[in-house]
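Protein chains in written order, with our numbering: chain G, -18 to 284; chain B, -18 to 284.
2 protein chains.
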Amino acid sequence: MLDVCLPGTGGMIPLENRWLTCCWLEYQGKAILIDCGEGTQIALKESGCKLSHLNTLLITHYHADHIAGLPGLLLTIGNSGKTSPLTLVGPKGLEQVVTALTVISPALPYPVYLCEIKEEKAGELTMDGVSIAYLPLNHWVPCFGYRITVNRKPIFNPQKAARLGVPVPLYKTLHAGQPVQLEDGRIVQPDMVLDGERAPIRVCYCTDTQPVEGMTDFARGADLLISEGMYGDNEMEEKAKEKGHMLFSDSARIAKECGAKRLWLTHFSPALTKPDAFSETAQRIFAPTVVAHDGIRITLSGD
Amino acid sequence: MLDVCLPGTGGMIPLENRWLTCCWLEYQGKAILIDCGEGTQIALKESGCKLSHLNTLLITHYHADHIAGLPGLLLTIGNSGKTSPLTLVGPKGLEQVVTALTVISPALPYPVYLCEIKEEKAGELTMDGVSIAYLPLNHWVPCFGYRITVNRKPIFNPQKAARLGVPVPLYKTLHAGQPVQLEDGRIVQPDMVLDGERAPIRVCYCTDTQPVEGMTDFARGADLLISEGMYGDNEMEEKAKEKGHMLFSDSARIAKECGAKRLWLTHFSPALTKPDAFSETAQRIFAPTVVAHDGIRITLSGD
């Protein structure tokens, strides 16, 4: 079960009624945050996200609306009782930006590790058993989209285990992929009690960008594609290109092509006061589109 | 007429229902802002403060709750249409801190001037015809209190001017302290039409600090003393000393001793969810104490 929440859905400037876009993903009590603009720490509180659970912070790029909240967030996490490490992941420049911004938050009660993605090419890393893939996007500074994959254990068949005489306390070991030895000396292998693989849970997050080749493959079959909808009106196409952003319809086309189960649009222009007014523009292309709002939340089971 | 507003009244951490402490002072369409923690740009909007009017930003010290909003504020000011210079004033370290934080807001459409107060001693400077005095406070980093003084023109007596035959369009020149020559050749000096001096308007702003010698003189006769009330309960005295802060009663005593006309308490601890509950603690010492709230506003005429 992967909980996903967008505590904020705005772009460029934090507004009185809309926090800047960020994404909280929590799996087995460990959380990943994508981006932290000014005010994100308040948005997280409003959405009930527990800062002490945060283990990984992914930064898409270093425009202020995606990073300016870092020093305040780090300090407030320190007040949340966290002592375990926090890992920051971001494009080239991570060390320089973090060093600069934390001039006003120099002493923290937990270690901060930096994982700088030095090259602008796709890759993958694993944090807390969750796979994090990244894809270079097309903005006017280095910028990555992220794909979070939770690989689920195969289905455990308790009937098969019972027929083999496996004591219940050993089920967990078998389910985790380890053989067990019974009291009578027999060895039971995991494949004797498992009923095949389950599809992983995939969430793909892409802001800020123009449509890029590779994004469709990157987001292929995602349970949830979160993608930017800076502008709702198709007539804003030229401005979107000029500013390095996407229309609702751009994201909807990608969601359709990649076979995502659902699409959340986010990162709305401050001028887009009623993003809902353009829902149909996207839904005509990809029906399961949701124009997101601050605090939108879903629990993905992958089934 | 000096407009004064506290768009935020919190300390340490921005909360869902309380912005971080900052102060907006506007005189003749030119504004001074004191401090800019995370979210201050939103607080300013909520309080109706026009960012394009901002000419001077005074920073008390470089703890995150007083400065973390700087890069976002600078960018949003850039979007407000401002092209005239913005001057930043702050204790030693200003250049280092501003250079570091603006790594994410490198290009601005207006010049930013830095005025670093290198020595920890009192002084005074003048910006846009307003006097800005500063006093070293007692926090655990270099920190200044600020006193804003608006020197008002003497009272103009239109009856005297009329008796001398001064045409109305020349009143303004005389009121500004310049002599005028009439058509018949006579010179009229300002003191011939002015009715004496008027007391200046003074606002004194002091956070974060323990009570310091000199603060009473610094705030002498202020129309408004804005002073920190990190803790309401007198039983927090030890904690206040340890953390370098003041109680409501500390600020009330200073307001009484300095003969201020009124006191606004601000910079409340996040744990102080209902600062109003401790109003009487201060008002017993200094009756015209107001426990401030976000958006509190006053227009000071000095009369």
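Even for Gly, the Cβ is constructed at its ideal location relative to N, Cα and C.
Just curious, the beta strand (DSSP E) that residue i is in, first and last residue?
i	result
residue 96 (chain G)	93 to 98
residue 196 (chain B)	Where residue 196 (chain B) is concerned, there is no enclosing beta strand (DSSP E), although the alpha helix (DSSP H) it sits in stretches over 196 to 199.
residue 67 (chain B)	67 to 72
residue 154 (chain G)	Unbroken run through residue 154 (chain G) is the alpha helix (DSSP H), 152 to 156; no beta strand (DSSP E).
residue 281 (chain G)	277 to 281
residue 272 (chain B)	270 to 272
Between the Cα of residue i and those of the options, spot the shortest distance and give me the residue it belongs to.
i	options	result
residue 209 (chain B)	B:270, B:83, B:172	B:270
residue -6 (chain G)	G:261, G:252, G:128	G:252
residue 308 (chain B)	B:112, B:46, B:5	For residue 308 (chain B) there is no data in the structure shown, the boundaries of chain B being -18 and 284.
residue 175 (chain B)	B:162, B:155, B:272	B:155
residue 286 (chain G)	B:111, B:180, B:49, B:34	With chain G represented from -18 up to 284, any question about residue 286 (chain G) goes unanswered, as that position is not in the structure.
residue 67 (chain G)	G:38, G:60, G:42, G:144	G:38
residue 92 (chain G)	G:65, G:129, G:16	G:65
residue 235 (chain G)	G:29, G:256, G:266	G:266
residue 44 (chain B)	B:134, B:13, B:188	B:188
residue -13 (chain G)	G:29, G:-3, G:254, G:216	G:29
residue 96 (chain B)	B:74, B:69, B:24	B:69
residue 278 (chain G)	G:88, G:33, G:184, G:89	G:184
residue 198 (chain B)	B:11, B:128, B:245	B:128
residue 334 (chain B)	B:222, B:107, B:160, B:12	Missing from the structure shown is residue 334 (chain B); chain B here goes from -18 to 284 and no further.
residue 247 (chain B)	B:16, B:164, B:239, B:81	B:16
residue 192 (chain G)	G:119, G:274, G:114	G:119
residue 207 (chain B)	B:123, B:239, B:101, B:219	B:239
residue 94 (chain B)	B:101, B:75, B:100, B:102	B:75
residue 157 (chain B)	B:137, B:280, B:114	B:137
residue 262 (chain B)	B:99, B:87, B:217, B:173	B:217
residue 286 (chain B)	B:71, B:42, B:88	Residue 286 (chain B) is absent from the structure shown; chain B starts at -18 and stops at 284.
residue 9 (chain B)	B:-15, B:0, B:220	B:-15
residue 1 (chain B)	B:147, B:259, B:51	B:51
Are there 16 or more other CB atoms within 10 angstroms of the CB of residue i, so buried, or fewer, so exposed?
i	result
residue 19 (chain G)	buried
residue 77 (chain B)	exposed
residue 121 (chain B)	exposed
residue 105 (chain B)	exposed
residue 196 (chain G)	buried
residue 213 (chain G)	buried
residue 7 (chain G)	buried
residue 22 (chain B)	buried
residue 230 (chain B)	buried
residue 36 (chain B)	buried
residue 167 (chain G)	exposed
residue 58 (chain B)	buried
residue 25 (chain B)	buried
residue 90 (chain B)	exposed
residue -18 (chain G)	exposed
residue 40 (chain B)	buried
residue 53 (chain G)	buried
residue 107 (chain B)	exposed
residue 110 (chain B)	exposed
residue 144 (chain B)	exposed
residue 126 (chain G)	buried
residue 131 (chain G)	buried
residue 202 (chain G)	exposed
residue 153 (chain B)	exposed
residue 160 (chain G)	exposed
residue -8 (chain G)	buried
residue 150 (chain B)	exposed
Locate the alpha helix (DSSP H) running through residue i, then write down its first and last residues.
i	result
residue 101 (chain G)	Note, residue 101 (chain G): premise wrong, no alpha helix (DSSP H); not H, not E.
residue 76 (chain B)	75 to 82
residue 139 (chain B)	139 to 144
So who's on the other strand from residue i, going by DSSP bridges?
i	result
residue 119 (chain B)	B:191
residue 184 (chain G)	G:129, G:205
residue 113 (chain B)	B:106, B:129
residue 168 (chain G)	G:162
residue 262 (chain B)	Its beta-bridge partners do not exist; DSSP assigns none.
residue -16 (chain B)	B:7, B:280
residue 175 (chain B)	B:137
4-residue-minimum alpha helix (DSSP H) runs that sit fully inside the segment 209 to 259 of chain G, ordered along the chain: 218 to 224, 229 to 239
3 or more residues per run - each beta strand (DSSP E) lying fully within the segment -14 to 56 of chain B: 3 to 8, 11 to 15, 35 to 39
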